[in-house]
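Number of protein chains: 2
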Amino acid sequence: MARKTDLLPGTLDMLILKTLTRGALHGYGIAASIKNLSEDVLTVEEGSLYPALQRLLLQGWVRAEWKITETNRRARFYTLTAAGRKQLGHELSQFDQMIAAIGRVLQDA
Amino acid sequence: MARKTDLLPGTLDMLILKTLTRGALHGYGIAASIKNLSEDVLTVEEGSLYPALQRLLLQGWVRAEWKITETNRRARFYTLTAAGRKQLGHELSQFDQMIAAIGRVLQDA
DNA sequence: GCTTTATCCATAGCTTATCTATGGATAGAA
DNA sequence: TTCTATCCATAGATAAGCTATGGATAAAGC
Numbered sequence: 867m868a869r870k871t872d873l874l875p876g877t878l879d880m881l882i883l884k885t886l887t888r889g890a891l892h893g894y895g896i897a898a899s900i901k902n903l904s905e906d907v908l909t910v911e912e913g914s915l916y917p918a919l920q921r922l923l924l925q926g927w928v929r930a931e932w933k934i935t936e937t938n939r940r941a942r943f944y945t946l947t948a949a950g951r952k953q954l955g956h957e958l959s960q961f962d963q964m965i966a967a968i969g970r971v972l973q974d975a
Numbered sequence: 867m868a869r870k871t872d873l874l875p876g877t878l879d880m881l882i883l884k885t886l887t888r889g890a891l892h893g894y895g896i897a898a899s900i901k902n903l904s905e906d907v908l909t910v911e912e913g914s915l916y917p918a919l920q921r922l923l924l925q926g927w928v929r930a931e932w933k934i935t936e937t938n939r940r941a942r943f944y945t946l947t948a949a950g951r952k953q954l955g956h957e958l959s960q961f962d963q964m965i966a967a968i969g970r971v972l973q974d975a
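Structure, rendered in C-alpha cells:
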C-alpha cells in the first residue's frame, strides 16, 4: 500500500501517556517532545493529537487544566492519572509482546 | 481505547511478504505460519488476510496460481515477485526505524 | 454411511485510527 | 507591522483490520 504514515498506527496513545510520565504538558509540547525524542522520525499531526487527547480524557487516563505557559500563552496542560499510569503499563507490555512476536516472524530461518 | 487488535496495524503486508520469502504458500498456510512463528501472539483473521492478499496482488508484489495442496485441495499459492522482495526491504527498514524511534520515546529519562 | 473437524476461498459491512485541510488566536521577534 | 512560532480544535476523507457470513471438500472417527 505504500502506506504514508507518520506513526505506527496503534501506538499514539501509548506515546502520549509515556510522554506525560515526565510531567504535565500541553498538546503542542507533547507533539514536540515526541518529535524530539524520536529524532524527527515520529511526527504527531495536530489532527491526530487532539482527537487522541479527547479519547484519553474520556477514558479518564489524563486530566486537563488551562494554565499559562512560560511563553505567556493559555494552554491546556495534561496530567497522567493513576488509571492512565496503569493503562500505560498494559499498553507497554502488550506492545513488547507484539514486537517480540513480530521479531520472531521476521527473523530468517 | 483498549484497542482490540490481533496485529500491530500497518505490519500485516510486511509479515505476509516476509512469510513468502520462505517459499510459496496459500492463504491458509500464510496465516498458520504467522500464528506459529509468533507463538500464537499474532492472529491473522481471514477477513484481514484475503483483502491484504488482493492488495499485494494489485501492487504486483505477489503472484498467485491455483494448485493442489499435499492434502489434495485446490488452493491459491502466492509467490513473492522481485518487486515484492524490494518492497519488503523498504518496509523492513522503515519498520526498524520506527521501532527504534518508539524505543527512544519509551525509554526512561 | 454419517457426522464432525480441519482445510481452503472470499466478500460485505462496520469500526476506528490517522491524515489532510481548515480555521482561529496571540506573543514576540524582526 | 509583518512574520513566525506557539497554541487550540474540528470536519471530512482514507484505509486497515475485524466481525460475520457463506460456501466447499478431504479425511478421520464413529
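Residue numbers (this note's numbering), protein chains in the order written: chain A, 867 to 975; chain B, 867 to 975. Yeah, the Cβ is synthetic: ideal placement off N, Cα and C, and Gly gets one too.
Min CB distance residue i to chain A below 8 Å
| i | result |
| --- | --- |
| S959 of chain B | no |
| G876 of chain B | yes |
| K884 of chain B | yes |
| S914 of chain B | no |
| K952 of chain B | no |
Cutoff 8 Å: residue i Cβ touching any chain B Cβ
| i | result |
| --- | --- |
| I968 of chain A | yes |
| I934 of chain A | no |
| L881 of chain A | yes |
Chain A contact residues for residue i, given Cβ-Cβ distances below 8 Å
| i | result |
| --- | --- |
| Q963 of chain B | V907 |
Chain B residues whose Cβ lies nearer than 8 Å to that of residue i
| i | result |
| --- | --- |
| T871 of chain A | G876 |
| I858 of chain A | Since the first residue of chain A shown is 867 and the last is 975, residue 858 of chain A is not available in this structure. |
Proximal chain A residues relative to residue i, where beta-carbon distance stays under 7 Å
| i | result |
| --- | --- |
| L923 of chain B | By Cβ distance, chain A contributes nothing, its closest Cβ being about 12 Å from L923 of chain B, past 7 Å. |
| L903 of chain B | R970, V971 |
For residue i, the first and last residue of its enclosing beta strand (DSSP E)
| i | result |
| --- | --- |
| T885 of chain A | No beta strand (DSSP E) contains T885 of chain A, which is instead part of the alpha helix (DSSP H) from 878-886. |
| R929 of chain B | 928-934 |
Limits of the unbroken alpha helix (DSSP H) element including residue i
| i | result |
| --- | --- |
| V971 of chain B | 948-972 |
Rounded Cβ spacing between residue i and residue j (contact assumed at less than 8 Å)
| i | j | result |
| --- | --- | --- |
| D906 of chain B | E957 of chain B | The pair is not a contact, with the Cβ atoms about 23 Å apart (cut-off 8 Å). |
| Y944 of chain A | A930 of chain A | 5 Å |
| T909 of chain A | D962 of chain A | About 23 Å; that fails the 8 Å criterion. |
| L919 of chain B | G895 of chain B | Not really, about 12 Å apart at Cβ, beyond 8 Å. |
| I968 of chain B | T877 of chain A | 6 Å |
| L924 of chain A | G950 of chain A | About 12 Å; that fails the 8 Å criterion. |
| V971 of chain B | L881 of chain A | 6 Å |
| T887 of chain A | S899 of chain A | Not confirmed; about 11 Å, so no contact. |
| R942 of chain A | W932 of chain A | 6 Å |
| L874 of chain A | L874 of chain B | 7 Å |
Which residue spans inside the stretch 891-924 of chain B form an unbroken alpha helix (DSSP H) run of at least 4? For secondary structure counted as the alpha helix (DSSP H) over 4 or more consecutive residues, the stretch 891-924 of chain B holds these complete runs in sequence order: 893-903.
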